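Down below is the structure, laid out as structure tokens.
Residue numbers (the numbering used here): 169 to 341.
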């Protein structure tokens, strides 16, 4: 219940209304700050066609070690995860991921690696698959190949238009 006192409108617990407003605003500010902090802490992923600035985030997400090789016409970032899976991200001089390759006992999260191209790859493989045939998608805008068997999977994906001039797409392996 609210009553009027010397310090303005006062609640039953003795706290005045202006203090209640300040407390509410402080709580709201804390929630906004917490949500912002959580959003900024979400891991980013280096995906096909995206910026290479997220390679370190991939390393942290995979809890792996990073080894980079500058081949002058592209840079290959190799991340070895704790579970033995190896992911290689190929970056053009413009700083764009043009290809990814993987190998290991477990496949990586292809939806995160392929990004917006995942849906395109999924659509291209909607036909029935029988037996243990390798997965192969070849369109003008995307190439994906995956083969192997349980505990020994490997694959590549690249965007033909983003492969730097003078670089053969076979380097993505």
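Quick reminder that beta carbons are idealized off the backbone N, C-alpha and C, glycines included.
Bear in mind that the values here come from a model prediction, so they are computed numbers and not experimental data.
Exercise for the section: Pair every Cβ in the segment 234-247 with every Cβ in the segment 275-295, then say whether three or more of these pairs are closer than 8 Å. Expected result: Flag = no, the segment 234-247 and the segment 275-295 do not touch.
Exercise for the section: Kindly indicate which residue of 265, 255, 244 has the alpha-carbon position closest to the one of residue 231. Expected result: Here the closest residue by C-alpha is 255.
Practice task
Return yes when the Cβ of residue 253 is within less than 8 Å of the Cβ of residue 284, no when it is not.
Solution key: Not in contact: residue 284 and residue 253 (Cβ atoms no closer than 8 Å).
Problem - Cβ separation of residue 262 and residue 340, assumed to be a contact under 8 Å, to the nearest whole Å - result: 16 Å between Cβ atoms; not a contact.
Exercise for the section: Have a look at the DSSP bridge pairing and note the partners of residue 219. Expected result: Residue 219 is bridged by DSSP to 264.
Exercise for the section: Could you please give the first and the last residue of the uninterrupted beta strand (DSSP E) stretch that includes residue 325? Expected result: Element bounds for residue 325: 320-326.
Problem - Per DSSP, the bridge partner or partners of residue 289 - result: Beta-bridge pairing links residue 289 to no other residue.
Exercise for the section: Identify the continuous alpha helix (DSSP H) that holds residue 310 and give its terminal residues. Expected result: Per DSSP, residue 310 is not a residue of any alpha helix (DSSP H), being assigned neither H nor E.
Exercise for the section: Rounded to whole angstroms, what's the CA-CA distance from residue 162 to residue 257? Just pull it up for me. Expected result: Because the chain is modelled from 169 through 341, residue 162 falls outside the range shown and cannot be assessed.
Handout entry: Run of the beta strand (DSSP E) containing residue 234, from where it starts to where it stops
Key = Per DSSP, the unbroken beta strand (DSSP E) holding residue 234 starts and ends at 233-238.
Exercise for the section: Give me the Cα-Cα distance between residue 282 and residue 309, rounded to the nearest whole angstrom. Expected result: Straight-line Cα distance between these residues: approximately 12 Å.
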